[in-house]
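Colleague: Structure below; questions to follow.
Protein chains: 6
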Amino acid sequence: MLKRLLLTGAAGGLGRAIRPHLARFAETVRVSDIADLGAVAPHEEAVRCDLSDAAAVRDLVAGCDGIVHLGGISVEDKFSKIVGANIVGLYNLYEAARAEGQPRILFASSNHTIGFYRQDEHLDAAAPLRPDGLYGVSKCFGEALARMYFEKFGQETALVRIGSCMEKPTNYRMLSTWMSYEDFLALIGCIFRAPRLGCPVIWGVSDNDTRWWDNSAVSYLGWRPRDNAERFRAELEASLPRPAPDAPMALYQGGQFTQDPIFEEK
Amino acid sequence: MLKRLLLTGAAGGLGRAIRPHLARFAETVRVSDIADLGAVAPHEEAVRCDLSDAAAVRDLVAGCDGIVHLGGISVEDKFSKIVGANIVGLYNLYEAARAEGQPRILFASSNHTIGFYRQDEHLDAAAPLRPDGLYGVSKCFGEALARMYFEKFGQETALVRIGSCMEKPTNYRMLSTWMSYEDFLALIGCIFRAPRLGCPVIWGVSDNDTRWWDNSAVSYLGWRPRDNAERFRAELEASLPRPAPDAPMALYQGGQFTQDPIFEEK
Amino acid sequence: MLKRLLLTGAAGGLGRAIRPHLARFAETVRVSDIADLGAVAPHEEAVRCDLSDAAAVRDLVAGCDGIVHLGGISVEDKFSKIVGANIVGLYNLYEAARAEGQPRILFASSNHTIGFYRQDEHLDAAAPLRPDGLYGVSKCFGEALARMYFEKFGQETALVRIGSCMEKPTNYRMLSTWMSYEDFLALIGCIFRAPRLGCPVIWGVSDNDTRWWDNSAVSYLGWRPRDNAERFRAELEASLPRPAPDAPMALYQGGQFTQDPIFEEK
Amino acid sequence: MLKRLLLTGAAGGLGRAIRPHLARFAETVRVSDIADLGAVAPHEEAVRCDLSDAAAVRDLVAGCDGIVHLGGISVEDKFSKIVGANIVGLYNLYEAARAEGQPRILFASSNHTIGFYRQDEHLDAAAPLRPDGLYGVSKCFGEALARMYFEKFGQETALVRIGSCMEKPTNYRMLSTWMSYEDFLALIGCIFRAPRLGCPVIWGVSDNDTRWWDNSAVSYLGWRPRDNAERFRAELEASLPRPAPDAPMALYQGGQFTQDPIFEEK
Amino acid sequence: MLKRLLLTGAAGGLGRAIRPHLARFAETVRVSDIADLGAVAPHEEAVRCDLSDAAAVRDLVAGCDGIVHLGGISVEDKFSKIVGANIVGLYNLYEAARAEGQPRILFASSNHTIGFYRQDEHLDAAAPLRPDGLYGVSKCFGEALARMYFEKFGQETALVRIGSCMEKPTNYRMLSTWMSYEDFLALIGCIFRAPRLGCPVIWGVSDNDTRWWDNSAVSYLGWRPRDNAERFRAELEASLPRPAPDAPMALYQGGQFTQDPIFEEK
Amino acid sequence: MLKRLLLTGAAGGLGRAIRPHLARFAETVRVSDIADLGAVAPHEEAVRCDLSDAAAVRDLVAGCDGIVHLGGISVEDKFSKIVGANIVGLYNLYEAARAEGQPRILFASSNHTIGFYRQDEHLDAAAPLRPDGLYGVSKCFGEALARMYFEKFGQETALVRIGSCMEKPTNYRMLSTWMSYEDFLALIGCIFRAPRLGCPVIWGVSDNDTRWWDNSAVSYLGWRPRDNAERFRAELEASLPRPAPDAPMALYQGGQFTQDPIFEEK
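Keeping their order, the protein sequence lines are chains A, B, C, D, E and F. FYI, full-length UniProt numbering numbers position 135 of the first sequence as 135, with every residue one higher than the one before it. FYI, full-length UniProt numbering numbers position 92 of the second sequence as 92, with every residue one higher than the one before it. FYI, full-length UniProt numbering numbers position 185 of the third sequence as 185, with every residue one higher than the one before it. FYI, full-length UniProt numbering numbers position 130 of the fourth sequence as 130, with every residue one higher than the one before it. FYI, full-length UniProt numbering numbers position 136 of the fifth sequence as 136, with every residue one higher than the one before it. FYI, full-length UniProt numbering numbers position 57 of the sixth sequence as 57, with every residue one higher than the one before it.
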């Protein structure tokens, strides 16, 4: 479908999980990270790159007609680190894309942009932001930046607010937030296949019984997740005690992140 | 899951139907009614109780960590009877719960809180109340009382607006309002299993083709009803004439209740 | 305009304040209370009446073509007293009205039906109820009862959620909730003058700078309050310390009522 | 179910496709068109009729207890032709129905009433109209006319905004707009079976993965489309190039119609 | 401000009232009607024109840079007359405008597009249409036609839903619907002065105490009506009995129009 | 009212305009900027400070019980400069406030957070963000950061989306966006006077006839702007040509900012 798909953050947990499957979508997959990228498959190109280096990012993006941007910091951290990777790094990526033919971008945003909603609230994409930490705030920045490049230059981006994309749910909250790798891969397919994408917010979550988020505004993309975290419930209940109703894990959509302190700078 | 679940109204129609299945949810089931409770199973405790007797209600609630409250008047009746059972009785129940550790409550509210909406209207939980008789008004009172105990004291309640919970639909309106016993039992499970419940309105209805009510606001509970009244349509059409478009049975969501007179007090 | 206007609760604080002015609206004003009614003006009829006595209420209503219903309990109290005056008493009033030609009713509901909203929230009439005590719950009952009589029998009622109808504001919260007597009298005029009233919720509040409530849904009534609590601010600030941001007085629309205990029955 | 169902536009593409299946719904099917109607089945009556002839239309409608109105112009055309068939013709049909017992009507409206929404927008029935040509404007007229006959005379109509009702999708846009014949027939059944119909807008579209339209407001009709255009995707992708993101076919819900010129009159 | 403003319907009641004041807005005012236009002022050009004559309409529009379109039928009438003047005539006007440089248009739409809403309902511009007769349906057509020319060709139109634009209110309903001539003239000024108009619905009503309609969506036009029908209330009450609550005059926003029959064609 | 109010950006255009008036609100006014602060009044303290210096910002905030934060970059600029002043600088301010007793903050956000809405759109505070440049994106970041500190730590902030706060409007767009100094000062008073502020979005605009923005959600603050840009219209029209309907100045709420390029880094 695509000529060359760029995957950033390819050495991270989620990057490693989806990397082997991206050949479905592109002839060549350019994998990138600041960390070691391991063995390179025949259809792959590996590029070590620090996102805060604007010139390097421009080289990275050149020649690609699609980008899955998982790169940057993906948990709470010191603000200086978040600024470099998620704020300056994202600006570098969009400037590179603007210069290099505006390849369509999947931006890995996060549920931590809205983490302070309670778990008994049902959200659609228009819910005002309520980030739960500096990491979440950096993702709000990213969504705003992408929107500006869309309005001003026509750059299309899918703003995927990823819940918990993992092998399987590992705590009670993830029964609501889990997204299977296979559902995420199907979503990637929908995003790059759509004749017109625009710049929508998409909730990155499987068809879990206890989901909180409503994707009907993006029905035009045709994504119908097939997995359901419910099948892991018995296993989970056998191994973990149920959280108290007022534990952050049970109270807020962002779970434990809402309790993270602001990290000291040094 | 629970230590001791209290079922009020256990001798009523719905109470009798679900009572045998409650052992799924609790080690002990305390069944209660003002009427005779019949034979008592090994996992059950039977307690005769008049809900208008505050002291008796407190004893009834003591030791329970969950309550399914079906007790009280469930059809149109004289106001004096409704006041005793559904207004004073409910106050007694909430006061008892407040004193006895705030067990989670499933309150059997009713579609008759909104019975004057037309059948061609689609409702979610935020639709303003339109009760269709004194019974419906008493359920509006109950929802308001439960909400106040939630806001003021943190008491959690599921406000289940039951449609028609019966063996099967017995008129055309019930093709829309029917809830199977099995779906109701699954809902009970979801309500007591949720780490956090809050005080939501839940439409108590199966996945009927011709349903009117939208439960997406409570997707976090994970209830997915499996039954569908449509499979009884042929049988129903063979035995009953279709109502006229302006018959109350076809016009209002509350059906015939909208036509009930105010009962004389004598 | 009217032949005979019934004022219930005429011996209460608000009743005494507006009573002398009701001759603007009716040839005869029938004043009523359970308490002593004092001197009777030439255009007045005084009737002592206990609202929990159905037969007495029917006599009270007979011959009236308009009712301003301020009667009943207007603060937090024991539930048994609230049931008698605000629940059974209100039912008696509506049954009497149904039998006696359905005079239009102004029902004094209360901001305590929604007292648990925060003071930084802006409400219109469709906001779901959040009563702040048993008194507020009884007013929710009253609104539901009035709505049912409207849907079922066509009885028109204005559901006036009174803020603080007093000579002047006496605490900071009342800078938002105050309604002047003159504005209330103007509202009474609009309600009885309208060719068609229906059964609307109306926020009973002056044009205060710091108001929380939106009456645009009832613009058809033509009520434009003229007073503004702001003119009392300087006086108030000179005499009272500002409440802390998290004091109930500053946090909740219902103010101190949200902190009232449930009154003991004995 | 019905005694006599009138099908107008029976010689058009959609009319020919559904005509053989209408015996499911009625003892007699009266088929009509301005063009030749071909062979007539035993359960059919064939009537040639010009919709702009009021008297002929009245005869056509007489004796029918249901109407599926596909007649008139169904693509962009000269305004004079649209006026005759879709404006005067529709008025004639409603006047005939008013005189002949108000048979329930299915009016074939069109997605071209809202064709200027973008394909990345999700619509429900309350979205303001945005017609994409004179044909679409004539369908807006038809919806308004039907609504007026409903409000004023109680005439019930289903306003079915047909997407693309064809054997199968033949371009990328139809992956979103396609409605299978079988789903349309099921919808016809729901419309004539409902005890009460009212005058709702219904999106005529199958359960396509990439649909844009939300029918939840008409859940009371019980229509659950079973087909999905997605199964034709591979075939389509093999034969047609993907449209550019800013091609009208990819940009607007009305597709190419948004580009049609106004037809010259002579 | 304008070079040449075209006023159609200049011989009608509203046309005659505003005609003398249009010199505020344009150097030349071209007045037109199918009827006699009376004496012509120095700044005026008078053109007799039948709107159903396309060529004549094109000549009429040529050279104008603004149009106030009051022409056509403005009350309930035979459909054939409405089709000629309000449907074909409007199409002719928009085709002429398209050919002649797209002068901005003020289209006199009507409250009869929504006449079946009740008088106790508050409407904004997004309320679905509920026309109250064939006249109202023709105005729905006009709004849809104007919207299509805006979306397709960029033609700007103000869709002014005129209430009752008269010297003064002459019945109780007009206390809500009245628009003074001076307020209408101010609105004309706002419409032609705005740098960008778009194609908005505007409620044509003064700042009446008992108004039903909300213009906040068009605040960008800067129209602040100054008149208020309330000052005529006393005079009206002295001369006319109040309507019954269920009289169409008191029940529906469209008033008596909701009761008009469909006019016979011959 | 306050003991010590900090004004950042005191040497900027807006800072210089309001600085002389801040003595109304506080005993001491601490004025700060990276640039020279000029003469210091008796009630003032002047502190030179670079917002990107965390330690200096902490000292700056210490001892203040209110902050009006106008500091940082206030027009489009190179991203590296925006990051330092508006992103890192803002983080420093909030960290300082968290450490120093959480003084209430007025954050000067901007209409450029939503600059890509059209001028014929009416917005309330819930409208999704549509920033028009890097500057606008940095203000989106600031709103998100403030919201996070509110949810997580209870820090109160007024997010004032300033339109054009100047002596008077200097182009047509400012007839809609202008806020007078006096109205801004009144708003500052409301913000620091409110017993409870929360973290609301406030549109910083006078009561201009042609305003686009709706502040009803913050009616609880009691701000009623008194000025109106309309009084400058004649002067403006005499000196400036009207913009074309599709000029960015007339099309977008953000005006010319929507056309600014991304600034080159070197």
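Glycine included, every Cβ here is placed at the ideal spot set by N, Cα and C. Computed from a predicted model, the values in this text were never measured in an experiment.
Apply the 10 Å Cβ neighbour rule to residue 240/D and answer buried if 16 or more other Cβ atoms are within range, or exposed otherwise.
Modeller: By the 10 Å Cβ count, residue 240/D comes out exposed.
Colleague: From the DSSP output, in three-state form, read off residue 252/F for me.
Modeller: Residue 252/F: strand per DSSP, three-state reduction.
Colleague: List, in order along the chain, the chain D residues whose C-beta lies closer than 7 Å to that of residue 145/E?
Modeller: Those within 7 Å of residue 145/E in chain D are 137.
Colleague: When DSSP labels each residue in this structure, what does residue 139/F get in the three-state scheme?
Modeller: Here residue 139/F sits in helix by DSSP.
Colleague: Once DSSP output is grouped into helix, strand and coil, what is the label at residue 75/F?
Modeller: Coil.
Colleague: Between residue 94/B and chain D, is the shortest Cβ-Cβ distance under 7 Å, so that the two count as touching?
Modeller: By this cut-off, residue 94/B is not an interface position.
Colleague: Taking the beta carbon of residue 39/E as the centre, do at least 16 other beta carbons fall within 10 Å, making it buried, or is it exposed?
Modeller: Burial call: exposed.
Colleague: Excluding the 5 residues flanking residue 232/A on each side, which residues of the same chain have their C-beta closer than 6 Å to its C-beta?
Modeller: Taken in chain order, the residues that qualify are 168, 169.
Colleague: For residue 66/B, count the other beta carbons within 10 Å of its own beta carbon; 16 or more makes it buried, fewer makes it exposed. Which is it?
Modeller: Classification of residue 66/B: buried, given that the 10 Å Cβ count is 16 or more.
Colleague: Judging by CA-CA distance, which residue of 14/E, 194/E, 1/E is the nearest neighbour of residue 180/E?
Modeller: Answer by Cα proximity: 14/E.
Colleague: Confirm, please, whether the CB-CB distance from residue 49/D to residue 267/D is below 7 Å.
Modeller: Within the shown structure, residues of chain D are numbered from 1 to 266, placing residue 267/D beyond reach of any answer.
Colleague: For residue 113/F versus residue 131/F, is the C-beta spacing smaller than 7 Å?
Modeller: Against a cut-off of 7 Å, the Cβ pair of residue 131/F and residue 113/F comes out as a contact.
Colleague: Under 8 Å between beta-carbons, which chain F residues line up against residue 152/A? List them in chain order, please.
Modeller: Ordered by position in chain F, the residues that pass the 8 Å Cβ test against residue 152/A are 116, 132, 133, 258.
Colleague: Between which two residues does the alpha helix (DSSP H) carrying residue 175/A extend?
Modeller: Here the alpha helix (DSSP H) through residue 175/A covers 174 to 177.
Colleague: Rounded to whole angstroms, what's the CA-CA distance from residue 263/B to residue 97/C? Just pull it up for me.
Modeller: Computed Cα separation, rounded: 16 Å.
Colleague: Give me, in chain order, the residues of the same chain whose beta-carbon lies closer than 6 Å to that of residue 230/E; leave out the 5 immediate sequence neighbours on both sides.
Modeller: Result list for residue 230/E: 209, in chain order.
Colleague: Residues of chain C with a CB under 9 Å from the CB of residue 221/F: which are they?
Modeller: Simply 120, 209, 210.
Colleague: Please go through the UniProt domain "NAD-dependent epimerase/dehydratase" (6 to 162) of chain E and give each complete alpha helix (DSSP H) segment of 4 or more residues, from N-terminal end onward.
Modeller: DSSP runs (the alpha helix (DSSP H)) wholly in the UniProt domain "NAD-dependent epimerase/dehydratase" (6 to 162) of chain E: 13 to 18, 54 to 61, 79 to 82, 89 to 99, 134 to 153.
Colleague: Note down, in chain order, every chain F residue with its Cβ under 7 Å from the Cβ of residue 176/C.
Modeller: Chain F residues near residue 176/C: 220.
Colleague: Following the continuous alpha helix (DSSP H) through residue 191/D, name the residue where it begins and the one where it ends.
Modeller: Element bounds for residue 191/D: 181 to 193.
Colleague: Would you call the CB atoms of residue 106/C and residue 156/C closer than 7 Å?
Modeller: Not in contact: residue 106/C and residue 156/C (Cβ atoms no closer than 7 Å).
Colleague: On the DSSP letters alone, give me the boundaries of the alpha helix (DSSP H) that residue 236/F sits inside.
Modeller: Element bounds for residue 236/F: 233 to 239.
Colleague: Please confirm if residue 16/E has its CB atom under 7 Å from at least one CB of chain C.
Modeller: Judged by the 7 Å Cβ criterion, residue 16/E is not in contact with chain C.
Colleague: Taking a contact to mean a Cβ-Cβ separation below 7 Å, would you say residue 28/E touches residue 71/E in this structure?
Modeller: No.
Colleague: Express the C-alpha separation of residue 236/E and residue 171/E in angstroms, rounding to a whole number.
Modeller: Each residue's Cα considered, the two are about 7 Å apart.
Colleague: Can you tell which of 212/D, 154/D, 91/D has its C-alpha closest to the C-alpha of residue 174/D?
Modeller: Residue 174/D has its Cα closest to that of 212/D, out of 212/D, 154/D, 91/D.
Colleague: Could you tell me which residues DSSP pairs with residue 202/C in its beta bridges?
Modeller: In the DSSP output, where bridge partners are listed per residue, residue 202/C has 160/C.
Colleague: Output, in chain order, the set of chain E residues within a Cβ distance shorter than 7 Å of residue 242/F.
Modeller: Chain E residues near residue 242/F: 195.
Colleague: Is residue 221/F helix, strand or coil by DSSP?
Modeller: Residue 221/F: helix per DSSP, three-state reduction.
Colleague: Which one of 190/E, 138/E, 119/E, 176/E has the shortest CA to CA distance from residue 68/E?
Modeller: Residue 190/E is the option with its Cα nearest to residue 68/E.
Colleague: Given a cut-off of 7 Å, decide if residue 159/B and residue 201/B are closer than it, judged by their beta-carbon atoms.
Modeller: Yes, the Cβ-Cβ distance between residue 201/B and residue 159/B is below 7 Å.
Colleague: Rounding to the nearest angstrom, what Cα-Cα distance links residue 5/A and residue 11/A in this structure?
Modeller: Cα to Cα, residue 5/A sits roughly 16 Å from residue 11/A.
Colleague: For residue 225/C, which residues in chain F fall below 7 Å Cβ to Cβ?
Modeller: None at all; the shortest Cβ gap to chain F is about 14 Å.
Colleague: Using a Cβ cut-off of 8 Å, pull out every chain E residue sitting near residue 251/F, in sequence order please.
Modeller: Per Cβ cutoff of 8 Å: 196.
Colleague: Smallest Cα separation from residue 139/E: which of 135/D, 144/D, 139/D?
Modeller: Taking only the C-alpha atoms, the option nearest residue 139/E is 144/D.
Colleague: Quick check: what's the CA-CA separation for residue 31/B versus residue 23/B?
Modeller: Looking at the two C-alpha atoms, the distance is approximately 12 Å.
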